[in-house]
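Asker: Residue numbers (this note's numbering), protein chains in the order written: chain F, 1 to 575; chain C, 1001 to 1325; chain L, 2001 to 2347.
Please see the structure below; I have some questions.
Here is the structure:
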């Protein structure tokens, strides 16, 4: 039997069953709290000082030429960055999922790690690698002279780093779809005498378009809100984007700073809404449900292309992982910044100091690991019913809700943090508990920020699910919750794990949200690294960053051990 | 519904441990580096055993953003502020957020170091000067060196658009007759590159990507002492400075402890601590830390906090016009 | 066991009516086929019966219980219906045994009782030895039999079939039809079977509802539909035969040979006309006489047991008949038509 494709059917919800109703109400409250309230609070702040006069903060922001320059630049760098992320993520995805490449688990494992290395480190390592002090270029005597111009200080440099940072987002979103493609699709196409290239263009890419678009949207939104990379590479070039412009407002001494910042964030929010409409439009045209059975997954034989491809992957990984990681390790082993690493200068004092000192290191590790785990877990649990309910909604309503969920992720973390301070600085009404100054507020902010990260792959997987599989369970007498757990969860499990994993990886060294929300005893790893770095203790900061990479690599290996007990395909780096 | 409930319980559980408080608690918001902040707090607690300090540390920009957001929602969290510069303090004064307190210890200080009504007091002098890599071909001695052709595209400086201290530096230099705005225009022509902050400049110079830089004194001097291949220079024309002022919040919950904290920082003991941390103490009769020249050899350029606040927007606009044109 | 009644059933999507005013009374234990070309609304009716779609108007009742009306809707999971899908809808992550046993698990049937009933269901579809396989390891026919076993394991009152043979090859279809017949006999369940294949419907169903463009065209036994179709569309849709234009006559009656020949001879294209259905077996080749009709052989196609012969009348109309021997193309012949059935014109 050749699996055929059917255009997905829309279920326009029949009269709702009570389980569904309660679920909907609960999730409605949750989205309202996590996504809508913070965004609205910012909107209120943006509009707070609006008077008829032309000097209100909002009017000033809208009138300023720099706002529009920053908007244009943001669009350019994020757009180009997304393109790079899609090329990298898809390239890795197709090669490691669909071919008989050797050591596939290792490649995937390594491809997850660049997300863990602070982008500043990657940028700095490249600057050093191709700069006047480059050990490699100096060996060949082709190093540029001291103080020559750096091509990385440019819009394209920013886009390149943004692309590398968000490539794993695209990769994970795509992978869940790729492993669901049955082998007979490929066989059918081969019988039709299609070349592997044609199969890829005509069959695989169209079927994965929804997932690629979802991943690209994540990459775009995450690039839009990124501050660290444009701050590092854009400021020297005098190149502003919206997040750096926002930071400029904060650094000013003005008292209407908050409304200006809020106004700028609303512009980002508008940009996101426009992006979401585009995403909806693209995905609407590519909704195919795969008929409800998967045989073996697709696998191409590479033959003579295998070695060159493996080499290419290795070179790319060298640039995005090995070089920065090496630079990071080197800078953590010297006594002071800029000293060469030799046998004489080699010291573990930074590690020793960070591990033994104060307990702040231990606390930050505990807090971040706890926050990352719990956020990932809670969001996975929430995404299941949320994705399910969203898929039952009419297209337009779904687009609106999905955009609302997207906004907190898109606005720069520091602005989201402002919204949470504005909301939670006072004790909560009625229950008189103050979340402010506790891990609780960071936790809530993470949920708000990363909900869309977790939801995206889940929605994309659910849209590809043949609806008759659920209908069959309905006829078997299973109520919505039971159907969710017994049928939909196992069939979309790789997407859930991908979503949870993304949230974990992003939040483990998250900085910008927690930067404003942390308090003594509630440090996160991101805050710890940043504070050390900013205080000039960059050697200590590097030591912590190395420990974080080791921790994440360790946790990922632990997950591999659990893989045999989990559904097929949920651990990306385990076959 | 159960989801919401679980969340609340979860949140409550997370909030619980900190709702237990003992002793007299003083809340401090500071932009001092972690290690220094810890030292300051430890020393103060040792001197005042019945007061426990809870402190929040962040860069001045982020700290002020956090504080502004809190104030905007009608809550005063900190009792005392200890932040980088007096211009920020001036803006807090003009918005009516600070409490005046005349510390008895102020008599030992120059008038320019504290507000005459007692809203804030400078605690140390953090000057901005010149840093260069040890292998750099030139040895800069003054600000004017950076506009020479030999330095073209080789200098890094913190951007006034992102750092309050750099904005003060800009205000000071543009007010200096021999430099002025003309100097900044020439810096741009000479392709001086602005960085996000002092940390960025330090990295650029130490790693050799830019052999020269504009930077605050203690960062460069401390790192050089640890063995970093860089050297700090106090320029001939003079250095700009920020004073790391301390102030009490209007509406502070624990005003008594806050006053004790201000007095402590201004005391002989407090100033000795500043010296130990490697900063130039604000009080003239305390020595200078290792790596610094004699106090008389450091020329401080004049600077007016209130006027700087007033010109703030115009200065930023003019700078961004030159550098982001 | 209870009657399944569809009353004035109506369904529209975005204002466009796809099912219009359907009335059917299905007796307990009856095997009913919903037959029609694609897009005729038969699948929508099935989905309304299953409870996947709410009705726009009218109602569905089962015995005393109202399942669906525009005020009331019993959820699918509360209907105790079984269903066999065109794409089988087997859950790929569950073994054959788990697929079949899932409805029992949902009903919280104890595991030994459950195992017994799974075993029984698999026996009926002859898949006992495949219990531990995954659906991906089965052939198309086997998958469909698993789906069948799953639909019968809870002993449902009504089992719905949605084009269950559409994805299978011809050889397998005949075998599966036999399985379905045995299944019906053994369970005695009421069956509603959707198909676009008239021979499938004719060979399986007790009664057939023929649908076109959302409306019920005719509702009756296969024999009645074959012998006395309502209109020209249905005559063309069911069985083989030829629709002839003849001089005007009242619809829905048999026309004997003499009258028929007369009607044919009196027909001319300018007049008001009627249509009659002539089945191939009602045409005889005869020696030329005053009464006979002259035809020319247009085509002769070998069908194994006999030949299909296509004939042209003098006025150009076509006729289909059978012959045991081949006939020369373009050769003239004389025929007699034994009888015909007069039809309503298509609305």
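Beta carbons: idealized from backbone N, C-alpha and C, even for Gly.
Note that the structure is a prediction, hence the values are computed from the model and not measured.
Less than 6 Å between C-beta atoms, sequence neighbours within five positions excluded: which residues of the same chain meet that for residue 498 of chain F?
Answerer: Cβ within range, chain order: 172, 176, 457.
Asker: Exposed or buried, residue 208 of chain F, counting other C-beta atoms within 10 Å across all chains shown (16 or more means buried)?
Answerer: Buried, by the Cβ-count rule.
Asker: Does residue 2083 of chain L get closer than 8 Å to chain F when you measure Cβ to Cβ?
Answerer: True, the Cβ-Cβ gap to chain F drops below 8 Å.
Asker: How close, in whole Å, do the beta carbons of residue 2337 of chain L and residue 2260 of chain L come, if the pair is a contact with beta carbons under 8 Å?
Answerer: Indeed, because the Cβ distance is near 5 Å, the residues count as touching under 8 Å.
Asker: Determine, for residue 545 of chain F, whether the minimum Cβ-Cβ distance to residues of chain C falls below 8 Å.
Answerer: Not one chain C Cβ lies under 8 Å of residue 545 of chain F.
Asker: Short of 8 Å in beta carbon distance, which residues of its chain neighbour residue 1135 of chain C, apart from the five on each side in sequence? Order them along the chain.
Answerer: Result list for residue 1135 of chain C: 1208, 1211, 1229, in chain order.
Asker: State the start and end residues of the unbroken alpha helix (DSSP H) segment that holds residue 1175 of chain C.
Answerer: Element bounds for residue 1175 of chain C: 1164-1175.
Asker: Give a yes or no on whether the C-beta atoms belonging to residue 2104 of chain L and residue 2158 of chain L are separated by under 8 Å.
Answerer: In this structure, residue 2158 of chain L does not lie closer than 8 Å to residue 2104 of chain L by Cβ.
Asker: If you run the structure through DSSP and keep just helix, strand and coil, what is residue 300 of chain F?
Answerer: Three-state DSSP puts residue 300 of chain F in a strand.
Asker: State the Cα-Cα distance for the pair residue 60 of chain F and residue 1143 of chain C, rounded to the nearest angstrom.
Answerer: When rounded, the distance between both Cα atoms is 35 Å.
Asker: Contact criterion: CB-CB distance below 8 Å. Does residue 1326 of chain C meet it with respect to chain F?
Answerer: The shown model of chain C, from 1001 to 1325, leaves out residue 1326 of chain C, and the question about it has no answer.
Asker: With a 10 Å radius around its C-beta and 16 neighbouring C-beta atoms as the bar for buried, classify residue 2139 of chain L as buried or exposed.
Answerer: Its Cβ having fewer than 16 others within 10 Å, residue 2139 of chain L is exposed.
Asker: Label residue 2171 of chain L either buried or exposed according to how many other C-beta atoms from any shown protein chain fall within 10 Å of its C-beta, with 16 as the threshold for buried.
Answerer: By the neighbour-count rule (16 or more Cβ atoms within 10 Å), residue 2171 of chain L is not buried but exposed.
Asker: Could you have a look at residue 348 of chain F and say whether DSSP puts it in helix, strand or coil?
Answerer: Of the three classes helix, strand and coil, the one that applies to residue 348 of chain F here is coil, per DSSP.
Asker: When we look at the beta-carbon of residue 292 of chain F and count the other beta-carbons within 10 Å, is it buried (16 or more) or exposed?
Answerer: In this predicted model, residue 292 of chain F has a pLDDT of only 42, less than 50, meaning its place in the structure is not dependable enough to derive any value.
Asker: Contact defined as beta carbons within less than 8 Å: I believe residue 164 of chain F pairs with residue 122 of chain F. What is the distance between those atoms, to the nearest angstrom?
Answerer: With a Cβ gap of about 7 Å, residue 164 of chain F and residue 122 of chain F count as contacting.
Asker: Could you tell me the distance, in whole angstroms, from the CA atom of residue 347 of chain F to the CA atom of residue 1287 of chain C?
Answerer: Going from the Cα of residue 347 of chain F to the Cα of residue 1287 of chain C covers about 33 Å.
Asker: Nearest chain L C-beta to residue 191 of chain F closer than 8 Å, yes or no?
Answerer: By this cut-off, residue 191 of chain F is not an interface position.
Asker: Taking all protein chains shown into account, do 16 or more other C-beta atoms lie within 10 angstroms of the C-beta of residue 294 of chain F, making it buried, or fewer, making it exposed?
Answerer: With a pLDDT of only 49 at residue 294 of chain F, under the threshold of 50, the placement of this residue in the model should not be trusted, and no figure is reported.
Asker: Starting from residue 1059 of chain C, find everything on chain F with Cβ-Cβ shorter than 7 Å and list it in chain order.
Answerer: The contacting residues are 534.
Asker: Smallest Cα separation from residue 1100 of chain C: which of C/1081, C/1131, C/1285?
Answerer: Ranking the options by Cα distance to residue 1100 of chain C, first place goes to C/1081.
Asker: Counting only beta-carbon separations shorter than 8 Å, does residue 475 of chain F have a partner in chain L?
Answerer: Yes, residue 475 of chain F lies at the interface with chain L (some Cβ there is under 8 Å from its Cβ).
Asker: Using alpha carbons as the reference points, say which of F/129, F/334, F/417 lies closest to residue 1226 of chain C.
Answerer: Comparing Cα-Cα distances from residue 1226 of chain C to each of F/129, F/334, F/417, the minimum goes to F/334.
Asker: Roughly how many angstroms separate the alpha carbons of residue 2317 of chain L and residue 2342 of chain L, rounded to a whole number?
Answerer: Straight-line Cα distance between these residues: approximately 16 Å.
Asker: Mind checking the segment 2070-2098 of chain L against chain F and listing, in chain order, the residues whose C-beta falls within less than 9 Å of any C-beta there?
Answerer: Going along the segment 2070-2098 of chain L in chain order, one finds 2072, 2073, 2075, 2076, 2077, 2078, 2079, 2080, 2081, 2082, 2083, 2085, 2086, 2087, 2088, 2089, 2090, 2091, 2092, 2093, 2094 with a Cβ nearer than 9 Å to chain F.
Asker: Of all the CB atoms in chain L, is at least one closer than 8 Å to the CB of residue 571 of chain F?
Answerer: No, no contact with chain L.
Asker: Go through its chain and collect everything with a Cβ distance to residue 1154 of chain C's Cβ below 7 Å, but skip five positions before and after it.
Answerer: Within the same chain, residue 1154 of chain C has close Cβ partners 1210, 1211, 1212.
Asker: What separation, rounded to the nearest whole angstrom, lies between the Cα atoms of residue 1021 of chain C and residue 86 of chain F?
Answerer: With a pLDDT of only 44 at residue 1021 of chain C, under the threshold of 50, the placement of this residue in the model should not be trusted; the figure read from the coordinates follows. For residue 1021 of chain C and residue 86 of chain F, the distance between alpha carbons rounds to 51 Å.
Asker: Let me know the alpha helix (DSSP H) ranges lying completely inside the segment 179-234 of chain F, each 4 residues or longer, listed in chain order.
Answerer: Entirely contained in the segment 179-234 of chain F, the alpha helix (DSSP H) runs reaching 4 residues are, in chain order, 183-191, 196-199, 205-224, 228-234.
Asker: With a threshold of 16 other CB atoms inside 10 Å of the CB of residue 52 of chain F, please say whether the residue is buried or exposed.
Answerer: Low confidence applies to residue 52 of chain F: its pLDDT is 49, below 50, so where it sits in the model is not reliable enough to give any reading.
Asker: Can you grab the Cα-Cα spacing for the pair residue 1166 of chain C / residue 1038 of chain C, in whole Å?
Answerer: Spanning the two alpha carbons is a distance of roughly 25 Å.
Asker: Check whether the Cβ atoms of residue 462 of chain F and residue 387 of chain F sit closer than 8 Å, and answer yes or no.
Answerer: Cβ distance < 8 Å, so residue 462 of chain F and residue 387 of chain F count as in contact.
Asker: May I ask you to list, following chain order, the residues of the segment 1146-1173 of chain C that have a beta carbon less than 7 Å from some beta carbon of chain F?
Answerer: Correct list: 1153, 1154, 1159, 1161, 1162, 1163, 1164.
Asker: Pull out every residue of the segment 1195-1207 of chain C whose Cβ sits closer than 9 Å to any Cβ of chain F, in chain order.
Answerer: Listed by position along the chain: 1195, 1196, 1197, 1198, 1199, 1200, 1202, 1203, 1204, 1205, 1206, 1207.
Asker: Is there a Cβ of chain L sitting closer than 8 Å to that of residue 187 of chain F, yes or no?
Answerer: No, no contact with chain L.
Asker: According to DSSP, is residue 2277 of chain L part of a helix, a strand, or is it coil?
Answerer: Correct three-state label for residue 2277 of chain L: strand.
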